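One structure below.
Number of protein chains: 2
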Amino acid sequence: MPRYGFDMIRKSLLAAGAALILPAIVHATPADPGTVQKAALQDDVALDITEGLTTEVGPRLAGTDAEARARDWSVAKLKALGFSNVRIEEYKMPVWVRGEEQASITSPFPAYMAVTALGNSGATGAKGIEAEVVYFPTLADFQAAPDAAVKGKIAFVSHAMKAAQDGSGYGPFGQARRIGPNLAAKKGAVAIVIRSIGTDSHRLPHTGVTMFEKDVMPIPAAALSVPDAENLERILARGQPVRMKLLLTPRFVGEKVSGNVIAEVPGSDPAAGLVVGACHLDSWDLGTGAIDDASGCGIVAAAAKQVMAAGQPRRTIRVLWAGAEEVGGFGGDAYFESHKNEAHALAMESDSGADRVWQIAYRMPEALKPLASRIAAALEPLGIPPTMEQAHGGADVEHLLKSGVNGIDLRQDATRYFDLHHTADDTFDKIDPVQLRQNVAAWATVFSIAANTQDDLLHK
Amino acid sequence: MPRYGFDMIRKSLLAAGAALILPAIVHATPADPGTVQKAALQDDVALDITEGLTTEVGPRLAGTDAEARARDWSVAKLKALGFSNVRIEEYKMPVWVRGEEQASITSPFPAYMAVTALGNSGATGAKGIEAEVVYFPTLADFQAAPDAAVKGKIAFVSHAMKAAQDGSGYGPFGQARRIGPNLAAKKGAVAIVIRSIGTDSHRLPHTGVTMFEKDVMPIPAAALSVPDAENLERILARGQPVRMKLLLTPRFVGEKVSGNVIAEVPGSDPAAGLVVGACHLDSWDLGTGAIDDASGCGIVAAAAKQVMAAGQPRRTIRVLWAGAEEVGGFGGDAYFESHKNEAHALAMESDSGADRVWQIAYRMPEALKPLASRIAAALEPLGIPPTMEQAHGGADVEHLLKSGVNGIDLRQDATRYFDLHHTADDTFDKIDPVQLRQNVAAWATVFSIAANTQDDLLHK
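Order-wise, the sequence lines are chains A and B. If you're matching positions, the first sequence starts at 985 in the numbering used here and goes up one per residue. If you're matching positions, the second sequence starts at 985 in the numbering used here and goes up one per residue.
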């Protein structure tokens, strides 16, 4: 179906801006967006949730007892905040857990390397392995290499990811992590190490999931911290053979229970469809999952709570704190499987940290252009312009968007997100309360408008 | 003896500035400071030394094989650079080495804590210990606590160190590390953990030496990373008893050989006294000792080499790459013991990283005020003003200064120094080549003037 572009939004924005000066619209009930936005800029709920999850639960690896504790914590918290229909929806999934991890260069110069296994990595055995390192500056170089250059060696694949506000480096450069290990296994490498998919300069490697094809035996696959990858490049530049010792003992522990936590602000008109705000409750095991994604859960719940406080909305706002996102989107899959036949009016997701929303993107039909413009006008005080790029949601709502549900992305400033992403450094101290509140205000504004509009959000 | 203040320097600066416009002085030989400074701003030797030591040797813990490798590397490098009288001067020292280290909160919430043993820490035994945590927001609070509040517990001593350009927080806040463990042992604590003496927010704890009195049995003593210390404070703020499990297995391995590396640019007038430029070659074991202190060794050697290239100086410039600074200044002690009877004209030390020199301080008698002013005038193009504070050198030259040798401090910007200091993050990627060259230029300027001046630097 046709999607409108930037110019059309801008024109409608001007019209909407003019309309907004009418007092009858500005002070409408039950949930005037301007009033909700102003209240949300004072919000403490998002910070409290982020602090609580990171302090009282900590790391929440999918399918583990820690993730189960997080679900229990969340149910208690969401009930205490006044949400309705708070429940856990369980599902099963295969669970991978980290073991010991050590890497060092044994020759020509001894050097300890900060390393961490990638999710789904194979193991080296308890004694580790030692082999020559073969270096590829980019994934393309590795893809082009003949098997003979790799066979029996530890492949080292680097890249040159740099920080970007829209996080756009993660897609292409992240391929070294996502497909590099499977390729290394097929080429006969005994293991693969990649330069962390990250933009920092700290000795804290970035984990993240990798995927092996069904008929490919997983090999040990790990990320070196950025300073270690650079040190290894300098050692390799000396031109002598370089040998690495690698110990990784992760393992699969079988099928375990994971689950989604769901809570609602019931609307007055069930036929108008659901407004879903998603985040994910699980985290990687190295940090405490503050920016990824406790803050996202804080933002969506705090925004829904702000709308709740302003009076019952027309549409039900459903908060989805999904499980098991990091390791393959099992929570999002399970949600869609269970709820795909319900009427969804709009789906949104917060999963890029806690820094300010800098841009809004839509995925809505032509007929909803005036609504999009009203939303953009309401976000102007928060410094959030619209983009002509299309919303794409996130792992927890992508099935909904692909099935045709309207989507809005409140894009967060990702400039420093990949400094912290999937590292031990993803901790509560990285949260900026002022920027977090701006997120809550943006979400509350969109929830308030979308949950109350008389537009038909179900028929496109 | 009387020391001049800032106003006197400033007045002389004006006079010196006027003198510098005379061409005969500006283009003097053998080592015109302006020409040397200009050449030094293009220097690559300091970066090359820093890169080489961190890449080819890596961590260089005092008294270990790694430090011995660093000495051999240094001798080869300094000879290749054209220095004379390159030699190693050995001494013996007790050596402490790190073992395993793990910390976690076991209740009320399980939480992994990034931890590292302090130098000279006792061990927990292979099974670790578990005890209740008792919290003190400051060292003063800990000092004031009755023994009964600490006995049998793990003391947790925090503080609020913040970054400062002159690094002035390290002295007072660092006392938690230096004297906290001895005090904890005397009060009957089973162990002590401190908030890292650092100004960063990364999960990389800061090690550093602590000292136990002779009749005090060392207890396990460790630093938590700053984010972990803050997490522990949040956990404690819940008001429930907090228990920590701690595993530290460091040990003393007896008396071992360490050594100083010395190299010289021989002067034409041995009676005029030595100009000594010091750094330290050893490093802590967590990082690769880039800012602490490979870069310092790079700076002093590169500056001496710049003066060497400009023609033989009047005074011998002696480069002292001291061993075993971090663990108690054994190299500086040994140097003074062996060389105290030689005539030292000036002693300087570079041991605060690789960021730019922002200030010069002196410790010289009244009679050398005009020399100080000439030096200050020559540093003006590098943006380095004089301060009225007195030079204090560093651990490797402090005995010389205390014995009355002239001292000059080229103070480095320490704003980010304590983000990295004594952590795994002290790696080559933290070096800014432009600021490093400014250091070399400042040092070369001072060396050039001090090694050639006709002033009597020996009789005060």
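Heads up, the beta-carbon is just placed ideally off N, CA and C, and yes, glycines get one too. The structure presented is a predicted model; accordingly, all values stated were derived computationally and were not measured.
Neighbour-count burial assignment, residue i, 16 or more Cβ in a 10 Å radius
| i | result |
| --- | --- |
| B/ALA1434 | buried |
| B/MET985 | With a pLDDT of 34 at B/MET985, under the threshold of 50, the predicted position of this residue should be treated as unreliable, though the coordinate-derived value follows. Result: exposed. |
| A/HIS1443 | exposed |
| B/ASN1069 | exposed |
| B/LYS1324 | exposed |
| B/GLY1223 | exposed |
| A/PRO1225 | exposed |
| B/GLY1238 | exposed |
| A/ALA1060 | exposed |
| B/PHE1236 | exposed |
| A/ALA1213 | buried |
| B/GLU1326 | exposed |
| A/ARG1358 | buried |
| A/LYS1137 | buried |
| A/LYS1171 | buried |
Range of the contiguous beta strand (DSSP E) that encloses residue i
| i | result |
| --- | --- |
| A/GLY1047 | Looking at the DSSP string, A/GLY1047 is not in any beta strand (DSSP E), and its letter there is neither H nor E. |
| B/ARG1347 | 1341-1347 |
| A/ASN1244 | 1235-1249 |
| A/GLY1261 | 1258-1264 |
| B/GLY1282 | Where B/GLY1282 is concerned, there is no enclosing beta strand (DSSP E), although the alpha helix (DSSP H) it sits in stretches over 1279-1293. |
| B/VAL1303 | 1301-1306 |
| A/LEU1232 | 1227-1232 |
| B/VAL1118 | 1113-1120 |
| A/GLU1333 | 1328-1333 |
| A/LEU1394 | 1391-1396 |
| A/PRO1211 | From DSSP, A/PRO1211 is part of no beta strand (DSSP E) but of the alpha helix (DSSP H) over 1210-1221. |
| B/PHE1140 | 1138-1141 |
| A/SER1322 | Not the beta strand (DSSP E): A/SER1322 falls in the alpha helix (DSSP H), residues 1314-1323. |
| B/PRO1370 | 1370-1374 |
| B/GLN1086 | 1085-1091 |
| A/VAL1029 | Note, A/VAL1029: premise wrong, no beta strand (DSSP E); alpha helix (DSSP H) at 1029-1036. |
| B/ALA1128 | Run containing B/ALA1128: none in the beta strand (DSSP E); it sits in the alpha helix (DSSP H), 1123-1128. |
| A/ALA1338 | A/ALA1338 -> no beta strand (DSSP E), and no H or E assigned at all. |
Cβ shell of residue i (< 7 Å), same chain only, five flanking positions each side left out
| i | result |
| --- | --- |
| B/ASP1269 | PRO1043, LEU1045 and ARG1082 |
| B/THR1100 | GLU1085, PRO1189, THR1191, ALA1206, ALA1207 and LEU1270 |
| A/GLN1127 | LEU1167 |
| A/GLU1197 | ASN1166 |
| A/SER1209 | ALA1098, SER1180, HIS1186, ARG1187, LEU1188 and PRO1189 |
| B/GLY1257 | ARG1299, ALA1327, HIS1328, ALA1329, LEU1441 and LEU1442 |
| A/LYS1063 | VAL1070 |
| A/THR1110 | A quick correction: the sequence has Ala, not Thr, at residue 1110 of chain A. The residues are THR1233. |
Residues near residue i in its chain [Cβ-Cβ closer than 8 Å; skip 5 each side]
| i | result |
| --- | --- |
| B/VAL1291 | ALA1015, VAL1020, VAL1249, PRO1297, ILE1301, ALA1428, PHE1431, SER1432 and ALA1435 |
| A/ALA1023 | GLN1290, ALA1293, ALA1294 and ALA1428 |
| A/ASP1380 | ALA1262, CYS1263, HIS1264, LEU1304, ALA1306, GLU1309, GLY1313, GLY1315, GLY1316, TYR1319, GLU1333 and ASP1335 |
| B/PRO1202 | ASN1104, SER1105, GLY1106, PRO1165, ALA1169 and PHE1196 |
| A/PRO1254 | THR1300 |
Residues of its chain near residue i, where Cβ-Cβ distance is below 6 Å and the 5 sequence neighbours each way are ignored
| i | result |
| --- | --- |
| A/ALA1030 | GLY1282, ILE1283, ALA1286, LEU1420 and VAL1424 |
| B/HIS1383 | PHE1320 |
| A/LYS1229 | SER1088, THR1090, GLY1112 and GLU1114 |
| A/ALA1095 | ILE1089 |
| B/GLY1158 | ILE1181 |
| B/ASP1339 | GLN1396, ASP1397 and GLN1419 |
| A/ASP1403 | THR1183 and ASP1184 |
Extent of the continuous alpha helix (DSSP H) to which residue i belongs
| i | result |
| --- | --- |
| A/ASN1069 | Where A/ASN1069 is concerned, there is no enclosing alpha helix (DSSP H), although the beta strand (DSSP E) it sits in stretches over 1068-1081. |
| B/TRP1427 | 1417-1436 |
| A/ILE1163 | Element bounds for A/ILE1163: n/a, residue is neither H nor E. |
| A/PRO1354 | 1353-1363 |
| A/VAL1020 | 1017-1024 |
Nearest-angstrom beta carbon gap, residue j and residue i [assumed within contact, 8 Å]
| i | j | result |
| --- | --- | --- |
| B/GLY1243 | B/GLU1074 | 4 Å |
| B/LEU1037 | B/ALA1054 | 7 Å |
| A/THR1034 | B/ASN1215 | A/THR1034 to B/ASN1215, Cβ: 13 Å. No contact. |
**Q.** Within 8 Å of chain B by C-beta, residues of the stretch 1040-1052 of chain A in sequence order
**A.** Only GLU1040, VAL1041, GLY1042, PRO1043 and ALA1050 from the stretch 1040-1052 of chain A bring a Cβ to less than 8 Å from some Cβ of chain B.
- Message: Please identify, using Cβ separations under 7 Å, the residues of the stretch 1178-1190 of chain B that lie next to chain A, in order along the chain.
- Response: The residues in question are SER1185, HIS1186, ARG1187 and LEU1188.
Residues of the stretch 1208-1232 of chain A in Cβ contact with chain B at a cutoff of 9 Å, in chain order, please. Within the stretch 1208-1232 of chain A, SER1209, VAL1210, PRO1211, ASP1212, GLU1214, ASN1215, ARG1218, ILE1219, ALA1221 and ARG1222 place their CB atoms closer than 9 Å to a CB of chain B, listed in sequence order.
Counting only Cβ-Cβ distances shorter than 9 Å, please list the residues of the stretch 1091-1102 of chain B near chain A, keeping chain order. Listed by position, the residues of the stretch 1091-1102 of chain B near chain A (Cβ gap below 9 Å) are PRO1092, PHE1093, PRO1094, ALA1095, TYR1096 and ALA1098.
At a Cβ cut of 8 Å, what residues of the stretch 1408-1423 of chain A count as close to chain B, listed as they run along the chain? Listed in sequence order: ALA1408, ASP1409, THR1411, PHE1412, ASP1413 and LYS1414.
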